[in-house]
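Some notes on the structure that comes next.
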Amino acid sequence: MRFPDKTATLHDAIAEIGDGATIMLGGFGVPGTPFTLIAELVRQGQTGLTIIKNDANETGMGVDHLLAAGQVRRLITTHIGLNPRAIGLMNEGRLEVEFCAQGILAERIRAGGAGLAAIVTDIGLGTELAAGKQHVIIGGRDGVVETALRADFALLHAEVADPFGNLCYAATARNFNPLMATAAGRVIAETEALGPLGTLEPGRVHTPGPFVDRVVPLDALTEEYAVVRR
Amino acid sequence: MPLSDARARLLARAARDIAPGMVVNLGIGLPTRVIDHLPPAFPVCLHSENGIAGIGPTLGYDAADRNLIDAGGAYVSTLPGTSYFDSATSFALVRGGRLDLTMLGAFEVSARGDLANWKIPGLFTPGIGGGMELAQKARQVTVLTTHLDRKGKSKIVPECTLPLTAQACVNRIITDMAVIDVTGDGLILRELRAGLTVGEVIAATSAPLTVPDGTLPEF
Numbered sequence: 025m026r027f028p029d030k031t032a033t034l035h036d037a038i039a040e041i042g043d044g045a046t047i048m049l050g051g052f053g054v055p056g057t058p059f060t061l062i063a064e065l066v067r068q069g070q071t072g073l074t075i076i077k078n079d080a081n082e083t084g085m086g087v088d089h090l091l092a093a094g095q096v097r098r099l100i101t102t103h104i105g106l107n108p109r110a111i112g113l114m115n116e117g118r119l120e121v122e123f124c125a126q127g128i129l130a131e132r133i134r135a136g137g138a139g140l141a142a143i144v145t146d147i148g149l150g151t152e153l154a155a156g157k158q159h160v161i162i163g164g165r166d167g168v169v170e171t172a173l174r175a176d177f178a179l180l181h182a183e184v185a186d187p188f189g190n191l192c193y194a195a196t197a198r199n200f201n202p203l204m205a206t207a208a209g210r211v212i213a214e215t216e217a218l219g220p221l222g223t224l225e226p227g228r229v230h231t232p233g234p235f236v237d238r239v240v241p242l243d244a245l246t247e248e249y250a251v252v253r254r
Numbered sequence: 776m777p778l779s780d781a782r783a784r785l786l787a788r789a790a791r792d793i794a795p796g797m798v799v800n801l802g803i804g805l806p807t808r809v810i811d812h813l814p815p816a817f818p819v820c821l822h823s824e825n826g827i828a829g830i831g832p833t834l835g836y837d838a839a840d841r842n843l844i845d846a847g848g849a850y851v852s853t854l855p856g857t858s859y860f861d862s863a864t865s866f867a868l869v870r871g872g873r874l875d876l877t878m879l880g881a882f883e884v885s886a887r888g889d890l891a892n893w894k895i896p897g898l899f900t901p902g903i904g905g906g907m908e909l910a911q912k913a914r915q916v917t918v919l920t921t922h923l924d925r926k927g928k929s930k931i932v933p934e935c936t937l938p939l940t941a942q943a944c945v946n947r948i949i950t951d952m953a954v955i956d957v958t959g960d961g962l963i964l965r966e967l968r969a970g971l972t973v974g975e976v977i978a979a980t981s982a983p984l985t986v987p988d989g990t991l992p993e994f
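Taken in sequence, the protein lines are chains X and C.
The numbering of the first sequence is the working numbering, which starts it at 25 and goes up by one.
The numbering of the second sequence is the working numbering, which starts it at 776 and goes up by one.
In structure tokens:
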């Protein structure tokens with residue numbers, strides 16, 4: 025028995041994305057952000073995008089390029105404090121931003137990936153993040169309904185992959201990547217290293233191959249992946 | 776007393792609230808620096824929201840691993856026993872009651888323990904990050920802050936005016952002037968920074984403070 029080979033060129037993998045798509049982007053700061061896939065998305069120029077990502081990266085990096093090119097209509101995120109452009113566009117009303125508590129964003133994605141409609145949580149009760157959301161009482165306790173999130177595409181960054189799409193992430197580059205891998209119609213992973221089937225010992229796989237549709241091996245890492253000297 | 780000295784005392788005092796064996800999350804900014812005031816090899820597990828338990832010393836750029844940061848973006852290191860995990864697991868640790876203590880910054884803390892530390896409408900809207908869950912779910916929530924804001928106004932207030940991070944979540948406030956506990960009976964002054972009087976702290980605090988009988992410990 026053999027597994028399908030899902031390796032693809034950078035161009036072909038991103039060319040599947042159309043205007044108006046909803047896209048999850050892995051990463052928390054630099055680690056785990058698929059900078060090369062994002063750069064190709066900027067080059068191809070799809071517009072009207074909804075982006076779901078923990079943060080908006082920093083000036084001149086990742087999501088910032090998409091914002092600078094005017095490709096993003098809406099951003100679902102937890103924190104944009106390191107991106108003045110994102111804050112500026114939001115304040116000018118040119119970018120719709122939905123803030124979500126970080127672990128609740130993770131659970132909304134996890135619910136979407138697991139085929140659930142929503143989660144119920146007490147996080148945010150009594151704050152403006154709970155305003156306008158459906159409230160329910162479960163076991164006598166007040167809760168907020170947080171709807172599940174799914175996307176048309178998830179773009180991920182792996183340290184090691186095989187052609188079937190089994191993925192491993194490095195250190196704190198894991199973050200949202202394995203959650204997003206479960207919650208999108210098409211999952212595209214860039215990888216720093218691509219080995220033959222069997223490269224990854226089964227017990228050490230972080231994201232199992234069946235979740236992944238395209239694997240894009242990276243030739244070299246651009247400066248965006250490097251240590252940021254602030 | 777110079778501000779930097781007062782801040783060092785605040786940090787040293789805060790470090791004394793970390794007990795051996797705790798799992799602790801130190802918020803971005805002032806709280807992160809509490810680590811510098813713990814003895815070397817102190818048995819504590821530091822957690823960060825981006826998916827690490829067991830943070831080791833911060834590294835300079837030349838020694839840094841590009842994939843190993845804390846939630847504030849500082850380059851950190853591992854220790855024997857460190858683990859990495861995804862963002863859902865990271866917050867299961869927080870919301871599930873495994874986080875013994877978090878130390879957070881504040882714009883305002885109310886007499887009831889309400890915390891505002893994420894948004895100043897019209898001026899500063901960076902987003903909430905993981906702060907809401909830390910404030911709501913850590914077993915012990917300690918605020919570390921200067922007692923006064925840059926304009927000299929008390930940050931400890933009868934009612935918060937800024938958007939809340941969480942309601943009635945703060946257990947203790949450690950400032951450059953005092954240690955104050957938040958209780959069902961309101962704010963209780965516990966300790967004074969050396970050289971200050973009870974009257975000076977009361978004058979600098981816009982929320983009502985209860986002062987116990989007897990001499991207060993100094994830090």
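All C-beta atoms in this analysis are idealised placements derived from N, C-alpha and C, irrespective of residue type, glycine included.
Just so you know, these numbers come straight off a predicted model, no measurement behind them.
**Prompt:** His-159/X touches chain C at which residues, Cβ-Cβ below 9 Å?
**Reply:** Against the first sequence, residue 159/X aligns to sequence position 135. Ordered by position in chain C, no residue passes the 9 Å Cβ test against His-159/X, which lies about 15 Å from the chain.
**Prompt:** Are the C-beta of Ala-135/X and some C-beta of chain C separated by less than 7 Å?
**Reply:** Start at 1 with the first residue of the first sequence, and residue 135/X comes out as number 111. At a cut-off of 7 Å between beta carbons, Ala-135/X makes no contact with chain C.
**Request:** Whole angstroms is fine: what's the gap from Thr-985/C's alpha carbon to Thr-857/C's?
**Result:** The residue given as residue 985/C occupies position 210 in the second sequence. The residue given as residue 857/C occupies position 82 in the second sequence. In a straight line, the C-alpha of Thr-985/C is about 42 Å away from that of Thr-857/C.
**Request:** Could you name the residues that DSSP lists as bridge partners for Ser-885/C?
**Result:** If you number the second sequence from 1, residue 885/C lands on position 110. The beta-bridge partner set that DSSP reports for Ser-885/C consists of Val-932/C.
**Request:** Leaving aside the five residues before and after Ile-62/X along the sequence, list all residues of the same chain whose C-beta is less than 8 Å from its C-beta, in chain order.
**Result:** Within the first sequence, residue 62/X is the residue found at index 38, counting from 1. For Ile-62/X, where only same-chain residues beyond five positions count, the Cβ hits under 8 Å are Leu-49, Gly-86, Val-87, His-89, Leu-90, Leu-179.
**Asked** Name the chain C residues whose beta carbon is nearer than 7 Å to that of Val-251/X?
**Response** If you number the first sequence from 1, residue 251/X lands on position 227. Those are Tyr-836, Ala-839, Arg-841, Tyr-850, listed as they occur along chain C.
**Item:** Stretch-stretch touch, CB-based, cutoff 8 Å, three pairs: the region 163-177 of chain X with the region 193-203 of chain X
**Value:** Contact between the region 163-177 of chain X and the region 193-203 of chain X is not established, with fewer than three Cβ pairs separated by less than 8 Å.
**Asked** Cα separation between Ile-38/X and Gly-139/X?
**Response** Within the first sequence, residue 38/X is the residue found at index 14, counting from 1. Within the first sequence, residue 139/X is the residue found at index 115, counting from 1. In this model, Ile-38/X and Gly-139/X are separated by some 25 Å (Cα to Cα).
**Request:** State buried or exposed for Thr-60/X, treating a residue as buried only when at least 16 other CB atoms are found within 10 Å of its CB.
**Result:** As a first step, residue 60/X must be located in the first sequence, where it is residue number 36. Buried, because 16 or more other Cβ atoms sit within 10 Å of the Cβ of Thr-60/X.
**Prompt:** How many Å lie between Asn-115/X and Phe-817/C at the Cα?
**Reply:** Translated into positions along the first sequence, residue 115/X becomes position 91. Translated into positions along the second sequence, residue 817/C becomes position 42. Approximately 45 Å between the Cα atoms of the pair.
**Message:** I'd like to know whether the C-beta atoms of Ile-143/X and Glu-131/X end up nearer to each other than 7 Å.
**Reply:** Walking along the first sequence from the start, residue 143/X turns up at place 119. Walking along the first sequence from the start, residue 131/X turns up at place 107. For Ile-143/X and Glu-131/X, yes; Cβs fall inside 7 Å.
**Minimum Cβ-Cβ distance from Leu-147/X to chain C less than 7 Å** = Position 123 of the first sequence, counting from 1, holds the residue named residue 147/X. Note on residue identity: the sequence assigns Ile, not Leu, to residue 147/X. Contacts with chain C at 7 Å (Cβ-Cβ) include Ile-147/X.
**Item:** Residue from Ala-195/X, Asn-190/X, Ile-104/X whose Cα sits closest to the Cα of Ala-828/C
**Value:** Residue 828/C sits at position 53 when you count from the first residue of the second sequence. It is Ala-195/X whose Cα lies nearest to the Cα of Ala-828/C.
**Message:** Counting only Cβ-Cβ distances shorter than 7 Å, please list the residues of the region 42-74 of chain X near chain C, keeping chain order.
**Reply:** Going along the region 42-74 of chain X in chain order, one finds Phe-52, Gly-53, Val-54, Pro-55 with a Cβ nearer than 7 Å to chain C.
**Asked** For Asn-199/X and chain C, any beta-carbon pair shorter than 7 Å?
**Response** For the purposes of this step, residue 199/X is taken as the residue at position 175 of the first sequence. For Asn-199/X, the answer is yes, since a Cβ of chain C falls inside 7 Å of its Cβ.
**Asked** If you measure beta-carbon to beta-carbon, which residues of the region 927-940 of chain C are closer than 8 Å to chain X?
**Response** Listed by position along the chain: Pro-938, Leu-939, Thr-940.
**Item:** Whole-angstrom distance between Val-957/C and Tyr-850/C, CA atom to CA atom
**Value:** To locate residue 850/C, count along the second sequence from 1; it is residue 75. To locate residue 957/C, count along the second sequence from 1; it is residue 182. Straight-line Cα distance between these residues: approximately 34 Å.
**Request:** Decide if the region 783-802 of chain C is in contact with the region 865-885 of chain C; the criterion is three or more beta carbon pairs, one per stretch, under 8 Å apart.
**Result:** Taking a contact to require three or more Cβ pairs closer than 8 Å, the region 783-802 of chain C and the region 865-885 of chain C qualify as touching.
**Message:** Taking the beta carbon of Val-160/X as the centre, do at least 16 other beta carbons fall within 10 Å, making it buried, or is it exposed?
**Reply:** Translated into the one-based positions of the first sequence, residue 160/X becomes position 136. Looking at its Cβ environment, which holds fewer than 16 other Cβ atoms inside 10 Å, Val-160/X is exposed.
**Prompt:** Just checking, does the region 887-898 of chain C make contact with the region 91-99 of chain X on the three C-beta pairs under 8 Å criterion?
**Reply:** With a cut-off of 8 Å, the region 91-99 of chain X and the region 887-898 of chain C do not count as touching, because too few Cβ pairs lie within range.
**Members of the region 878-909 of chain C that neighbour chain X once the beta carbon cut-off is set at 7 Å** = Listed in sequence order: Thr-900, Pro-901, Gly-902, Ile-903, Gly-904, Gly-905, Met-907, Glu-908.
**Prompt:** Under 9 Å Cβ-Cβ, which residues of chain X neighbour Ala-863/C?
**Reply:** The residue labelled residue 863/C in the question sits at position 88 within the second sequence. Within chain X, the residues near Ala-863/C are Gly-127, Ala-130, Glu-131, Ile-133, Arg-134, Phe-200, Pro-202, Leu-203.
**Request:** Could you tell me whether the region 76-84 of chain X touches the region 105-115 of chain X, where touching means 3 or more Cβ pairs closer than 8 Å?
**Result:** The region 76-84 of chain X vs the region 105-115 of chain X: in contact.
**Message:** Just verifying my parser: in three-state terms, what is the DSSP assignment at His-103/X?
**Reply:** Along the first sequence, one-based indexing puts residue 103/X at 79. Strand at His-103/X.
**Prompt:** Is Ala-207/X near Ile-133/X, with beta carbons less than 7 Å apart?
**Reply:** Here residue 207/X refers to the residue found at position 183 of the first sequence. Here residue 133/X refers to the residue found at position 109 of the first sequence. Yes, the Cβ-Cβ distance between Ala-207/X and Ile-133/X is below 7 Å.
**Prompt:** Going by Cα to Cα distance, which pick from Arg-808/C, Val-809/C, Arg-841/C, Leu-785/C is closest to Glu-247/X?
**Reply:** By one-based count along the first sequence, residue 247/X stands at place 223. Here the closest residue by C-alpha is Arg-841/C.
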